[in-house]
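The sequence shown runs 1 to 190 under the UniProt record's numbering.
Just so it is clear, CB atoms sit at the ideal spot from N, CA and C, and this is done for glycine as well.
Here the structure is a predicted model, which is why all the values come from computation and not from measurement.
One structure is given here, and the rest of the page talks about it.
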Amino acid sequence: MTKNIMIVGVGGQGSLLASKLLGHLLLSEGYDVKVSEVHGMSQRGGSVVTYVRFGDKVYSPIIDKGEADFIVSFEKLEAARYVEYLRPEGRIVVNTQEIDPMPVITGAAQYPENLIEKMEALGIKVDAMDCLSLAEKAGSSKAVNIVLMGRLSKYFDIPVEKWQKAIEECVPAKFVELNHKAFALGRGEE
């Protein structure tokens, strides 16, 4: 059976490294993996969506509405924007950070309030945590992506050592220790 993970965020947050790490890990576990990146205006702080699909045999890299087992979101509004892609028993793993989209920056709109509570009120399983402060604790605000991967790892039957090995194989050597720490913080193990 094919499993579907959507990684959603804003340009420049490291969602591409997160999807590379996930793809690398799942391939090493023997799955057929398809990764597809769908860019919005990523260079301008717009939405970036990455699909990661894995299973015995995956034919298409695209995830349709109602098919995502997990939505991993770097920001609350992005989680809310893609909630219709989640399957009924799916789960959203979300960073509680708020990054203002252009209409909010220009004053044309306000950032919506209580997004986590609103999603939970719809019966959606939401695992929300302040990944930015954990990334800073690990040593870099840029490690939010790895904090999120650490959180996501708790929902998989893949040993932590294999996730750590994937980090070592996907991240430049000088950043491995920092990313190991960010991953552990995401898992709640620091």
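Here the alpha carbon of D130 sits roughly 26 Å from the alpha carbon of G66. Residue L148 holds the alpha-carbon nearest to the alpha-carbon of Q97 among S19, L148, T50, E189. Here L122 is not near N95, since their CB atoms are 8 Å or more apart. Closest in alpha carbon position to E89, among K3, L178, A128, is K3. The shortest CA-to-CA distance from A184 to any of I146, T50, S19, S47 is the one to I146. Straight-line spacing of the CA atoms in I99 and A135 works out to 16 Å.
Annotation for K125: the continuous beta strand (DSSP E) segment containing it runs 125-129. Ranked by Cα distance from V144, the options V72, D64, D32 are led by V72. In the DSSP annotation of this structure, P112 is not part of any alpha helix (DSSP H), being labelled neither H nor E. The C-beta separation of K34 from V58 comes to about 5 Å, placing the pair in contact by the 8 Å criterion. Annotated three-state conformation of E78 is helix, per DSSP. DSSP places P88 inside the beta strand (DSSP E), whose first and last residues are 86-95. Scanning its chain for C-beta atoms nearer than 7 Å, with the 5 sequence neighbours on each side dropped, one finds around L86 the residues A68, I71, I92, I124, in chain order.
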